[in-house]
Structure formats: structure tokens, C-alpha cells
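For reference, the structure is listed below as C-alpha cells.
There are 2 protein chains.
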Amino acid sequence: MTPKGRPRAFDCDDVLRRAMRIFWEKGYEGTSMTDLTTAMGIGAPSLYAAFGNKAELFAAALKVYETQIGTAIWESLEKAATARQAFADFLKETALSYAQPDQPRGCMIALEGLFGDADAIPAREALRERRLDNVRLLRERLERGVADGDVARGIDCRKVADFYATVQHGMSITARDGASPDALLNTADAAMAAWETLTSPR
Amino acid sequence: MTPKGRPRAFDCDDVLRRAMRIFWEKGYEGTSMTDLTTAMGIGAPSLYAAFGNKAELFAAALKVYETQIGTAIWESLEKAATARQAFADFLKETALSYAQPDQPRGCMIALEGLFGDADAIPAREALRERRLDNVRLLRERLERGVADGDVARGIDCRKVADFYATVQHGMSITARDGASPDALLNTADAAMAAWETLTSPR
DNA sequence: CGGTTTATGTATCGATCGATATAGAAAGGA
DNA sequence: TCCTTTCTATATCGATCGATACATAAACCG
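Protein chains in written order, with this note's numbering: chain V, 98 to 299; chain D, 98 to 299.
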């Protein structure tokens with residue numbers, strides 16, 4: 098059934114992807130409504146009618162980022178047979194994704210919402226929780242490795258997960274500074290050099 | 098000799114430290130001139146007369162940050178006798194500094210100027226160069242280790258330096274999310290677990 | 001066809017942004 | 001004491017911020 102009234106002149110998903118891209122590139126505070134309406138190709142009233150306000154638009158753009166950009170990295174974590182391979186793939190996917198030439202460098206979730214209070218960036222808490230969720234995913238994958246028997250019992254899963262999450266965070270900053278895919282892959286490889294020591298029984 | 102005219106009613110270094118603290122906490126874009134004049138305890142005309150404009154004030158605050166906050170970390174890199182000890186101390190100092198309870202979490206240089214173009218944040222290029230300088234310092238310390246004989250010849254100094262710089266970058270983000278000093282020290286320790294493999298001859 | 005509903009385009013809202021004009025206050029030098 | 005110089009306090013500048021009022025356009029329904 099077609100809705101009543103005049104139909105929208107734009108594709109909602111399409112313009113939301115454009116908004117996501119702008120937020121990703123310029124940050125929440127660095128993005129003005131003029132930037133958004135220009136990039137999205139719609140007028141301000143259409144934007145507000147469709148997405149509420151700037152904060153809600155950002156929240157919607159964040160969800161799009163998660164489902165369209167972030168998933169590839171985290172899927173690799175589940176696919177591999179062993180925890181070691183999973184972490185290696187995870188870092189490799191991160192390196193390739195963060196230095197992709199046709200998109201902003203680094204991760205929108207990692208880089209955004211690091212300054213000011215919740216008042217300045219409404220999604221600050223949501224972003225922080227996403228980052229903490231990611232650490233948890235790494236830890237759970239490690240614990241699965243322990244359960245599967247490919248990781249020794251008694252290792253400090255939290256410490257190892259914190260370490261690899263921090264490496265991934267850092268890769269966002271390094272990527273923003275222009276690091277090549279090879280450079281990031283080297284860093285991923287270097288991080289995996291710690292694996293044996295970190296996962297050997299204490 | 099005392100200068101002519103009415104003397105300043107504030108201490109220039111003191112108010113600059115306050116400005117540095119605000120920029121560190123809220124970021125360049127997230128800091129308004131009202132935030133600054135309030136925190137510095139001076140009127141807007143006094144601020145502009147003493148420091149020029151917002152961008153110049155930020156540049157001055159950045160220098161204060163480098164000399165007053167950043168030095169401790171980088172001094173530790175030179176003090177230690179071996180490259181390994183230098184990197185371990187460097188990461189340990191980073192962990193302690195980034196989670197200090199009486200100051201903003203993480204590093205002002207690492208976190209600032211990651212979004213938008215040079216137009217949005219005038220110091221963006223300067224910040225990027227500082228970050229790249231830091232990677233260079235790490236690489237040079239490694240090369241010194243090779244020259245001193247405590248690091249094997251033929252290792253990829255750039256790769257190792259990139260890795261540890263990326264870990265440090267990541268610690269700024271992890272610290273902003275509220276990581277405890279112990280958690281960051283654990284990550285520093287985990288990063289050092291890669292040292293043997295990274296510095297063994299190929 | 002009018003009537004209803006929803007979206008669009010223009011023009012603009014009050015608030016805040018960074019930055020200043022202006023007048024008066026506080027010092028030294030004559 | 002008066003003049004010059006420099007700084008301070010108030011009040012405000014034009015520009016831009018996020019967000020809307022309003023009139024018109026485009027769909028469906030009868």
C-alpha cells in the first residue's frame with residue numbers, strides 16, 4: 098500500500114548513507130546542517146521531517162555504519178576455527194578496512210565522541226558502549242578458544258582482549274595520519290607476534 | 098625593566114595552562130571562547146590581546162602540553178640503557194600518564210585534529226606532524242639499539258616503531274573510555290610480549 | 001473536480017559562534 | 001599634575017549554528 102500524501106523525492110537509505118559518510122569524515126561537531134543538506138541533496142525541512150534532528154540523524158547514521166562497514170571486521174572474528182586465526186583475521190580486516198582509499202580513514206566508532214561531555218555529543222555514551230562492546234566480543238572469542246581447547250586455560254582473557262582492542266583503536270589514528278594498507282598490515286602482524294607469549298599458560 | 102602602560106592583571110603562563118586543559122578536555126571544536134574566558138578568568142579582549150585568536154591560543158596551549166605533559170613519556174625513551182627497557186618504560190609512562198586521575202584522559206596530541214580538513218582545525222597538520230615525529234623518535238631509539246648492539250641487526254625498525262606508536266595511540270582512546278591505570282599497564286605489558294619476536298633476526 | 005495529506009522550497013528564527021569597538025582604569029614619564 | 005601607553009570591562013558586531021513557519025506542490029480519495 099502506498100502512503101497518503103506527496104511522496105518523498107529522495108531515497109531515505111541513500112541520503113542516510115551520505116550523511117553517515119559526512120559524519121565519518123568530519124565528525125559530529127565538525128559537521129554542520131548545511132554540510133549535511135548539501136551532501137544529502139535535500140532541504141533542511143525534509144531532513145528534519147525524515148530524521149528528527151542532528152543527534153537522531155547521527156544515531157541513525159551510526160547504525161548504518163555498523164551494519165554496512167563494521168560488520169566485515171567482526172564477522173571475521175567468528176568465522177575462523179581457532180582464536181589465534183580469528184584475531185589474526187580480525188586485525189588484517191581492520192588494517193584493510195581502515196586504509197581503504199575510497200572511504201574515510203579509520204573507524205567512525207573509535208574516533209568519534211572522545212571529547213567533551215554527553216551534552217556536546219549526544220551519542221557519546223552510545224559510542225563508548227560500542228567500543229566497550231567490541232572489547233567484550235574479543236574477550237568472548239578468547240574464552241571460546243579456551244573452551245574449544247585451542248587456547249590454554251588460565252590465561253588473562255581480559256588483558257589480551259584489552260590489548261588487541263587498543264591496537265585496533267590505535268590503528269584508526271594511525272590510519273587517519275595516512276598510513277598505507279601495508280603499514281597497517283605490518284602493525285597487525287606485529288601485534289600477533291605477542292600471541293604466543295600472551296596465550297601461553299602462566 | 099618594567100613595561101610601560103597598565104600591567105596585566107593575570108599571569109600569562111597560568112591562564113595558558115588553564116586554556117590547555119580546556120582544549121585537552123573538550124577538543125578544539127568543542128571549546129568555545131566563552132569556555133576559555135571563563136576557565137582562564139579573563140575577558141575576551143584580554144585574551145585576544147595576549148594570544149591573537151583561537152587558533153594561535155591553541156598552538157600556544159599545544160606547546161605548553163608538550164613541555165609540561167608530554168616530556169616525561171619521551172624522556173623515558175632516552176634514559177634507559179637498552180632499547181627494550183626504553184620501550185617498556187615508554188609504554189609504562191604512557192599508561193600511568195594517560196590514566197592520571199587529576200587530568201584529562203589520554204593524549205591531547207593523539208586525540209586532537211583527526212576530523213575534518215585543515216580549515217576546520219588550523220593545527221591539524223601540526224598535530225599530525227607531531228604524531229609522525231613521535232613514530233620517528235621510536236624508530237631512532239630502535240636504530241640506536243641496533244648501533245649499541247642490544248638489538249639484532251636486520252630487523253624492520255619502521256615496522257616495530259609503527260606498532261608501538263599505534264599501541265600508544267590506542268591507549269589514548271582506551272583511556273578516554275575510562276580504563277584504569279592497571280588496565281593500561283596490562284596493555285603495555287602485553288605489547289612488550291611481542292618484543293622478542295619482533296627484534297629477533299629474520 | 002475539490003478535499004485531505006504529506007513533502008518541498010524559501011525565507012528566516014533565536015542562540016551562539018569567534019572576534020572587536022569603545023570608553024574608562026591603571027601604570028610610568030614629564 | 002597631565003600625557004602617553006597599555007590593559008580591562010561592557011556591549012556588541014556580522015556570520016553561522018541548529019531548527020522552523022509558511023506557502024506551495026504533488027500525491028490519493030471521494
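Ideal Cβ placement from N, Cα and C applies to all residues, glycine included. Keep in mind that this is a model prediction, so the values were computed, not measured.
Cutoff 8 Å; reference residue i; Cβ partners in own chain excluding five residues on either side
i, result
"Y261(V)", "F184, F187, L188, L235, A288"
"A215(D)", "R221, E222"
"E136(D)", "First, the residue type needs correcting, since residue 136(D) is Ala and not Glu in the sequence shown. If we look at A136(D) and ignore the five residues flanking it on each side, its Cβ neighbours are R115, A116, R118, I119."
"K176(D)", "A183, D186"
"M130(V)", "A141, L144, K151"
"E163(D)", "I206, R227"
"P298(V)", "A249, R250, G251, I252"
"R225(D)", "G210"
"R241(V)", "A180"
"A291(D)", "F260"
Neighbourhood of residue i by C-beta, 6 Å cutoff - its chain only, sequence neighbours within 5 removed
i, result
"D132(V)", "I119"
"D279(D)", "none"
"A285(D)", "L188, K189, A192"
"L282(D)", "A192"
"E122(D)", "P201"
"F107(D)", "I139"
"D230(D)", "none"
Proximal residues to residue i (C-beta, below 7 Å), its chain only, five neighbours per side dropped
i, result
"S269(V)", "Y195, G203, C204, A207, L208"
"F155(D)", "F120, Y125, A220"
"T134(V)", "G140, A141, L144"
"V161(D)", "L113, R114, M117"
"C109(V)", "A147"
"V232(D)", "A258, D259, A262"
"R238(V)", "L174, A180, A183"
Residue i versus the options, residue with shortest Cα-Cα distance
i, options, result
"C254(D)", "V243(D), R228(D), D247(D)", "V243(D)"
"G251(D)", "K160(D), D214(D), P142(D), L295(D)", "L295(D)"
"R114(V)", "A158(V), T134(V), D274(V), M130(V)", "A158(V)"
"I166(V)", "G267(V), L229(V), M117(V)", "M117(V)"
"S277(V)", "V264(D), Q182(D), K256(D)", "K256(D)"
"G267(V)", "E237(D), G246(D), R228(D), R241(D)", "R228(D)"
"T128(D)", "A291(V), I218(V), E153(V)", "I218(V)"
"P198(V)", "G275(V), P104(V), R103(V), T99(V)", "G275(V)"
"F212(D)", "R103(V), A291(V), T271(V), E240(V)", "T271(V)"
Burial state of residue i (16 or more Cβ within 10 Å)
i, result
"G124(D)", "buried"
"E126(V)", "buried"
"A258(V)", "buried"
"D111(D)", "exposed"
"A178(V)", "exposed"
"Q265(D)", "buried"
"A249(V)", "exposed"
"R273(D)", "buried"
"R105(V)", "exposed"
"T168(V)", "exposed"
"T99(V)", "exposed"
Ranges of the beta strand (DSSP E) found wholly within the stretch 133-220 of chain V, counting only runs of at least 3: none
Is the stretch 145-162 of chain V close to the stretch 171-178 of chain V, with three or more CB pairs under 8 Å? no
Mind pulling the alpha helix (DSSP H) runs of 4 or more residues that sit fully within the stretch 236-289 of chain V? 254-273, 278-289
What are the complete alpha helix (DSSP H) segments, minimum 4 residues, inside the stretch 100-133 of chain V? 109-123
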